[in-house]
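Here's the structure, in structure tokens; my notes come after.
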Amino acid sequence: MPTYSEEMRELVLGTLWSLWTELGLSGWERHHQDVAVDLEALIVATARLAPLDARLTDEALDWCVTNGRLASAVRLKHLAGAADSTTRRALGTFAATVNANSRLNWPGATTPGAFTATGRSAEPELARPALIQLRLRALWGVSARAEVLRVMLAEGHRFMGISEVAALAAFGKDAVAEALENLQRGGLLEEAGARNLRVFRLGRRGDLVALVGTEPDWQRSWPWPDVLPIMVGILDASELPDMSPLARAAEIQRRLREWRPALARLGIVTGALGTGLDFLGGYEEFTRQALGKWSGVGQAAIPA
């Protein structure tokens, strides 16, 4: 029977494999065929966990060297800025390796690591529902406009302010404000509110969907820039060195406090996990349920 740490590792790495397989990586199973992939959030998480799965790292590097033009350097920089120092260092090595073997210039690059082309990754099939982010980029470029439209499609018909859209798009507010204004002038968005409190929503959703094609299941399309760092954190916490149960509980509670803002954005409340030694059992059950949901293991997988 696998240990708790082994369960967490399988769920987290399995999620990364499944998401990359949607993008054309040489994987085995697809659990996220109807879930929108976030390319930059996936790159950051993969770089962070590179020591745990050499084959995943090799295949992801191969994909990025070949298809990295589809990624947004601006979003990579934004997500790196919000990450911890360990993640930034790992992403620096990953970005440097990609840059050294391509014509790309990803930000934050440090010293490249080893790279051997595998040649096993396929060109992304943009018609897949999971790849709506890349389809929007094919139409509007790797730009704030494409990310704004992705956010608007996911959020339905509700009005949203510039700051909220910028946070969900992982783009700077100035670029998002300009994109919102241009898309409103072009007739895709509707605007309301006063000059200092402008809000926008998608106005011609049917026309946009007819152009973009099949949508993913937005209800199951998690905001990966929040979800993946939590998954990485849960995996890290599952592999803490030997310590007393009370010390382990105290350390995990400290980490849980750091995750709470992201958990709150996901609508997840963790206040009833228990106290003292009871906390560990409640926490482990919570993490099994959360990672089980995000990993898609309860959904029918299809072969890659």
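Take the sequence shown: its letter number 9 is residue 9 in the UniProt record's numbering, and every next letter is one higher.
Yeah, the Cβ is synthetic: ideal placement off N, Cα and C, and Gly gets one too.
Just so we're clear, the structure is a prediction, and the values are computed from it rather than from any experiment.
(message) Am I right that Val98 and Leu61 are in contact with their C-beta atoms under 8 Å? What's the rounded C-beta distance?
(response) 6 Å
(request) Mind checking which residues open and close the beta strand (DSSP E) that includes Phe200? (result) Val199 to Leu202
(request) Taking Leu70 as the reference, give the member of Thr111, Gly206, Leu153 and Glu40 with the closest Cα. (result) Glu40
(request) Tell me the start and end of each unbroken alpha helix (DSSP H) in the stretch 189 to 276 that is at least 4 residues and wholly inside, in chain order. (result) 205 to 212, 224 to 238 and 245 to 265
(message) I'd like to know whether the C-beta atoms of Leu19 and Val44 end up nearer to each other than 9 Å.
(response) no
(request) Quick one: give me the first and last residue of the alpha helix (DSSP H) that Trp140 is part of. (result) Ile132 to Trp140
(message) Restricting to Cα atoms, I'd like to know which of Ala130, Gly81, Gly108 and Pro225 is closest to Gly92.
(response) Gly108
(request) May I ask which residues mark the beginning and end of the alpha helix (DSSP H) holding Val44? (result) Leu39 to Arg48
(request) Please state if the CB of Ile132 and the CB of Arg150 are separated by a distance shorter than 9 Å. (result) yes
(message) Whole angstroms are fine: how far does the CA of Ala47 sit from the CA of Thr87?
(response) Rounded to the nearest angstrom, the two C-alpha atoms are 7 Å apart.
(message) I need the straight-line Cα distance from Tyr4 to Ala249, nearest angstrom please.
(response) Near 15 Å, if we compare the C-alpha coordinates of Ala249 and Tyr4.
(request) Identify which residue in Ala177, Glu125 and Leu189 has its Cα closest to the Cα of Asn196. (result) Ala177
(request) Could you check what DSSP says for Gly119 in three-state terms: helix, strand or coil? (result) coil
(request) Could you check which residue in Ile268, Ala170, Val165 and Arg75 has the C-alpha nearest to that of Leu180? (result) Val165
(message) For the stretch 184 to 199 against the stretch 219 to 236, do three or more pairs of beta-carbon atoms, one drawn from each stretch, fall closer than 8 Å, so that the two count as touching?
(response) At 8 Å Cβ cutoff, the stretches do not touch.
(request) Compute the distance between the beta-carbons of Ala130 and Gln33, then report whether it is under 9 Å. (result) yes
(request) Could you pull out every residue in the same chain whose Cβ sits closer than 7 Å to the Cβ of Glu22, ignoring the five residues on either side in sequence? (result) Arg30, His32, Gln33, Val37, Arg128, Ala130 and Leu131
(request) On the DSSP bridge assignment, give the partners of Met160 in chain order. (result) Phe200
(request) Only counting runs of 4 or more residues, tell me where the alpha helix (DSSP H) segments fall wholly within the stretch 75 to 107, in order along the chain. (result) Positions of the alpha helix (DSSP H) runs, each at least 4 residues long and wholly inside the stretch 75 to 107, are given as 85 to 100 in order along the chain.
(request) Would you grab the beta carbon distance between Thr57 and Ser121 for me? Rounded to a whole angstrom, and I think it's under 8 Å. (result) With a Cβ gap of about 13 Å, Thr57 and Ser121 do not count as contacting.
(message) Just to check my reading of the structure: Met160 and Val199 have Cβ atoms closer than 8 Å, yes? What is that Cβ distance to the nearest angstrom?
(response) 6 Å
(message) Between Trp294, Leu235, Arg260 and Leu266, which has its C-alpha nearest Glu284's C-alpha?
(response) Leu235
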